[in-house]
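Protein chains: 2
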Amino acid sequence: MSTDELTDLAQQLRVDSVRATDAAGSGHATSSMSAAELGAVLLANHLRYDFDRPEHPGNDHLILSKGHASPLLYALYRAAGAVSDEELLTFRSRGSRLEGHPTPRLPWVDVATGSLGQGLPVGVGMALCGKRLDRDPYRVWVISGDSEMAEGSVWEAVEHAGAEKLDNLTLVVDVNRLGQRGPTRHGHDLGAYARRLQAFGWHTVEVDGHDVDAVDRAYAEARSTAGRPTAILANTVKGKGVADVADKEGMHGKPLSDATAAIAELGGVRARHVDVHKPAEAAPAPHAATGGHLTLPRFRATADGGDQVATRDAYGKALAALGAARGDVVALDGEVGDSTRTEYFAEDHADRYFECYIAEQLLVAAGVGMQARGHVPYVSTFAAFLTRAHDFLRMAAISRADLNVVGSHAGVAIGQDGPSQMGLEDLAMMRAIHGSTVLCPCDANQTAKLVAAMADLHGIRYLRTGRGKADVIYGPDEEFPIGGSKVLRRGDADRLTLVAAGTTVPEALRAADLLADEGIEVRVIDLYSVKPVDAPTLWAAAEETGALVTVEDHRAEGGIGDAVAEAFADGRPVPRLVRLAVSNMPGSASPDEQLQGAGIDADSVAAAARLLVEKAVVR
Amino acid sequence: MSTDELTDLAQQLRVDSVRATDAAGSGHATSSMSAAELGAVLLANHLRYDFDRPEHPGNDHLILSKGHASPLLYALYRAAGAVSDEELLTFRSRGSRLEGHPTPRLPWVDVATGSLGQGLPVGVGMALCGKRLDRDPYRVWVISGDSEMAEGSVWEAVEHAGAEKLDNLTLVVDVNRLGQRGPTRHGHDLGAYARRLQAFGWHTVEVDGHDVDAVDRAYAEARSTAGRPTAILANTVKGKGVADVADKEGMHGKPLSDATAAIAELGGVRARHVDVHKPAEAAPAPHAATGGHLTLPRFRATADGGDQVATRDAYGKALAALGAARGDVVALDGEVGDSTRTEYFAEDHADRYFECYIAEQLLVAAGVGMQARGHVPYVSTFAAFLTRAHDFLRMAAISRADLNVVGSHAGVAIGQDGPSQMGLEDLAMMRAIHGSTVLCPCDANQTAKLVAAMADLHGIRYLRTGRGKADVIYGPDEEFPIGGSKVLRRGDADRLTLVAAGTTVPEALRAADLLADEGIEVRVIDLYSVKPVDAPTLWAAAEETGALVTVEDHRAEGGIGDAVAEAFADGRPVPRLVRLAVSNMPGSASPDEQLQGAGIDADSVAAAARLLVEKAVVR
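For the record, the sequence lines run as chains A and B.
So the first sequence is residues 1 to 619, counted in the numbering used here.
So the second sequence is residues 1 to 619, counted in the numbering used here.
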């Protein structure tokens, strides 16, 4: 497209941003206007994208990291003919696909944005796919704001992209000088950004973001720069084109007060169409071709003479087996693969293993990027350190991502390392993620089966593993459906039901034995599927035994006790409930001492059950 | 101390690290050994610290960010005479203060470490105090590993320290080349770190970390460098001093296999004492002198003709008033002060307001650092974006920090901006933090009272505020004790109880009116204190009305429904329970449409109550 056409297209994008936000009565007009030329030139001259085939494996990926500038994105879609003028004006209204911040309700949006600093880390995941997994020469374009460069997650991604020499990745920073509440730290000092990015091995191009020819050259330079990623640092004016708002504070996130005048100032409504370059025909994604018979590791039950096995070991071995059977499975780890046991996968499938170093936000974001490319990622670190990526997990759900997340070293049972390393809040965090699945296996065979099953679920699937060796309770042919549970002890005279998962299952079983010796029969349920929870089995236990005691190596809030209570939160009669969980602040101690200290060992469980049977606990 | 003495001290620290980990049978010997000279020279020649008076306001602050190297820290304490040889050997045993990773159970430890990448951000908070709040010329020393430089939180802190010219802050990076599972990304390339840090405005010194004279000069250079922070990049050998483990992979986190031989190789056990330089006498912290009468904002009840007021507005005004009354109150925000309304505080108390830009990990960490210096921080951003700092909040609890955290824009009620901006998981996250207080006010007067009350609580105190204007329900003289609740509707014939908090309180009240019109009397409880929860009032409601319906603008997991269920988790009889919460994935829509779409508006609440009364809901 020519200079004049590009300039005109940019004005159209501004006008459409003004129109959309005016129709909505809210939204970020000025943040869209600063990046109009950046968007126009990219769409017209550089993007390779088939809007009729968003699933085309050769398509470029465009991530609008500054998701609040969604009007610009939707204006680009209109120019490309993907969104009608009528739909554009549904912006932010109930039921519209054109949400305040972009989400994959729109087929051309790979991932949701709106929490700043996430676009680049996700883009790194996609670009890694392009370099190491996929055959297609697509590019990843991330349009970012300047404010969000303060997010540490951006620098995790900058470091990773530089080190991996991701020359298929371009970061476009719309340096419009103004954040939400006022000037950014670096204002229009493009050099401040350039120095930082260069130190991490990036190529940088500084450009007047409103000069379409300069922007065009910058994109061309990015596309032709080999061996390192490029950042285009564009000096822009927030609200550019409308004197009333241009470069003014206090205009963030607001429609223009006089849209009609602004549109006139911008030269009026246009209907310029961009014939977006389509990508070359591409082979189907390589992983689609791969597939084989899954041979999961099999563990002999300890009662039959088998060794004890840590669930994290079973996870690593099962993941390696899954990788052998499925070419679409990839693994990512935060430099703790020797602890999480993803090292087994890394040994067998080095080409599909991604070391993310100690950068948990990047770790999860890269997984999100890879699933958007059709791969099936397993991302692993300590359960405790997944909290570092909480916002990315939350956004992954909004992105409708299909992502496997595995947290090791659950609970006080890890022992001497102390509370900083203990996953004690992970179930609460993962259960509250929209549409998540939360699995908490107690033995090796159960773990292996769940590792395989989770691969085909939708949404965020979480598996919690333990550090220490544990009895193998189940045989290798036992099945563990998602949403199920196992009744491990059951009698006609059960006085109550112990509900456990993971580490606390052996404790519950031992407690049942202790109680049986005293003539108190209790039921024991292994609630390996914490979400969805097996409500019918809990209902039956409630009806038949009258009381449920939950035992978990996790805080009392939001975990297994909550999952059980929620199964009765539809108005049905509720049994008596007792919650045993970690209410102390642990220090260092042996695993057994920790369980005892937290009151979740067999003796404590038995004591609570005894009290409940005697009803002494109820005031 | 002389070169020979320093060298000998360093060997003593190695020996003691070997002895402690050997006694414990676990722990990170080799990570301690690499930093022995760095620790020895700091303790002997540069640290200013009175071990008899850890509360001395003039003390330097030493943060061991690589917390797994705790044996080194404890060996330093032994050398300083603060810890006996006998106590040293209690390392990692039950009840010992010498935990696997340092915590403030030891009076000389300001903050817990062990989740990597947190020491520098917390140190920035302390150094900011030194520059802007305190009168004392203390220094902040952060000893970091090289692996943790991959964490984005480190770069949030690097950026902030550079921009704020924190020359009272020194980062010491123990570049021992080996992470937990193998080589780090940059190995021994000190220049890679130096280039990055310099780009952010830091002074850097590259040094042989085992040459005590060179290390001594580096510390002196750091102390004499004005106008910018200094990073000392030390080339070291993991496991230095014992040939069997030096620079070897696979030795992370393990005691040495032959401690006796290693101690002999290191020259045997020593008992060298360091007379640590004491700080100059200091004036008491300036905030202690300030204090005045607290005049909270007062809002006229809407029923009496007052305007509607957003709880975030009440927060901002109350915080500004609190700042006028108390000199120890400081506020930090993540560049959204115009949304959270900390802008009111910033206008009145610019000297005690800290703009942290969009860097939520730094935001929370800086608050943690400031409370360690005796200030009373309020850190604020959108509730949704607090998830970015989840790991820092978790660690803050382990640090026994007293910290006020305020999350705005709670729930679907924010309207058009869509799910990325909605705090829907914050209650689950904050309730699961050990020892936390969770407050969820519904009106302006309640908010103001709670803002003042939270200042004097212990632990992490969370306040959740809403975006939209809301009725002022209470008068300005009403009291709201922590752990209390308000029964807003009560009758002799209540058929059930509606339990709400925040945005859903007005919906519950309207639902009660709708039901009353149909002859169904219901009780309504405003559960503003979500943790601790007012169990006795819930118990009474259960006994008197038989059923509780919780209504929350939050996910069903871990929030108000869980808090209510937990009040009955001690084995007492449980009422029928119904949980209304946000189970959909919202898009854009008006606030009223959002509440309706999520099924938590007055009509939905009334419908659920009707069903329960008719018992039609129970299968």
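Glycine is no exception: its CB is placed at the ideal position from the N, C-alpha and C atoms.
On a predicted model such as this, the values are computed, not experimentally measured, just so you know.
- Cα atoms of glutamine 371 (chain A) and lysine 165 (chain A): separation of roughly 21 Å, rounded to the nearest angstrom.
- Cβ-Cβ separation between isoleucine 560 (chain A) and valine 605 (chain A): approximately 13 Å, too far for a contact (criterion under 8 Å).
- With respect to the 8 Å criterion, serine 84 (chain A) and glycine 119 (chain A) are not classified as neighbours on the basis of their beta carbons.
- Secondary structure of leucine 233 (chain B) (DSSP, three-state): strand.
- DSSP, read as helix, strand or coil, puts leucine 496 (chain B) in strand.
- The Cβ-Cβ distance between aspartate 60 (chain A) and arginine 373 (chain A) does not fall below 8 Å.
- At a cut-off of 8 Å between C-beta atoms, histidine 210 (chain A) does not count as an interface residue with respect to chain B.
- Beyond the five residues adjoining it in sequence on each side, alanine 262 (chain B) comes within less than 6 Å, by CB distance, of Val18, Val242, Leu256 in the same chain, given in chain order.
- DSSP links asparagine 404 (chain A) through a beta bridge to A:Tyr378, A:Arg461.
- Put simply, of B:Arg181, B:Gly466, B:Asn168, B:Ala163 the residue whose alpha carbon is nearest the alpha carbon of arginine 185 (chain A) is B:Ala163.
- Counting along the chain, the unbroken beta strand (DSSP E) around aspartate 208 (chain B) starts and ends at 203 to 208.
- Close partners of tyrosine 357 (chain A) in chain B (Cβ separation under 8 Å): Ser147, Ala150, Gly179, Thr184, Arg185.
- Cβ proximity to chain B below 9 Å picks out Met395, Ala397, Ile398, Arg400, Gly415, Gln416, Asp417, Gly418, Pro419, Ser420, Gln421, Leu424, Glu425 from the segment 395 to 425 of chain A.
- Contact between proline 591 (chain A) and alanine 413 (chain A) holds: their C-beta atoms lie close to 5 Å from each other, under 8 Å.
- In the three-state reduction of the DSSP assignment, proline 279 (chain A) falls in the coil class.
- Separation of valine 549 (chain A) and serine 399 (chain A) (C-alpha to C-alpha, rounded to the nearest whole angstrom) is 37 Å.
- Rounded to the nearest angstrom, the gap between the Cα atoms of aspartate 167 (chain A) and leucine 190 (chain A) is 21 Å.
- Excluding sequence positions up to five before and after valine 613 (chain A), its CB lies within less than 7 Å of the CB of Arg495, Leu496, Ile520, all in the same chain and listed in chain order.
- DSSP places leucine 178 (chain B) within a strand segment (E or B) once states are collapsed to three.
- Residue-level contact check: valine 574 (chain A) touches chain B, since one or more beta carbons of chain B fall below 8 Å from its beta carbon.
- With respect to the C-alpha of serine 147 (chain B), the residue from B:His160, B:Gly179, B:Val158, B:Lys131 having the closest C-alpha is B:Gly179.
- For leucine 64 (chain A), the enclosing beta strand (DSSP E) stretches over residues 61 to 64.
- The segment 480 to 495 of chain B and the segment 532 to 541 of chain B touch, with no fewer than 3 CB-CB distances between them shorter than 8 Å.
- Under the Cβ criterion of 8 Å, aspartate 338 (chain A) is counted among the residues facing chain B.
- The bridge partners DSSP lists for isoleucine 525 (chain B) are B:Val487, B:Val499.
- Rounded to whole angstroms, the gap between the alpha carbons of threonine 311 (chain B) and aspartate 443 (chain B) is 6 Å.
- For the pair leucine 514 (chain A) and alanine 320 (chain A), the Cα-to-Cα distance works out to about 39 Å.
- Contact between tyrosine 193 (chain A) and methionine 149 (chain A) is confirmed by a C-beta separation of about 6 Å, below the 8 Å threshold.
- Counting C-beta pairs with one atom in each stretch, the segment 19 to 38 of chain A and the segment 259 to 277 of chain A have three or more that are closer than 8 Å, which means they touch.
- In the structure shown, the three-state DSSP call for lysine 449 (chain A) is helix.
- Separation of the CB atoms of arginine 53 (chain B) and methionine 33 (chain B) is rounded to 31 Å, and the pair is thereby denied contact status at 8 Å.
- Here the alpha carbon of proline 575 (chain A) sits roughly 10 Å from the alpha carbon of alanine 569 (chain B).
- Counting along the chain, the unbroken beta strand (DSSP E) around aspartate 333 (chain B) starts and ends at 329 to 333.
- At a cut-off of 8 Å between C-beta atoms, glycine 117 (chain A) counts as an interface residue with respect to chain B.
- Assignment of arginine 576 (chain B) by DSSP, reduced to helix, strand and coil, places it in the strand class.
- Methionine 429 (chain B) reaches chain A at His390, Glu425, Ala428, Met429, Ala432, counting residues in chain order whose Cβ is nearer than 8 Å.
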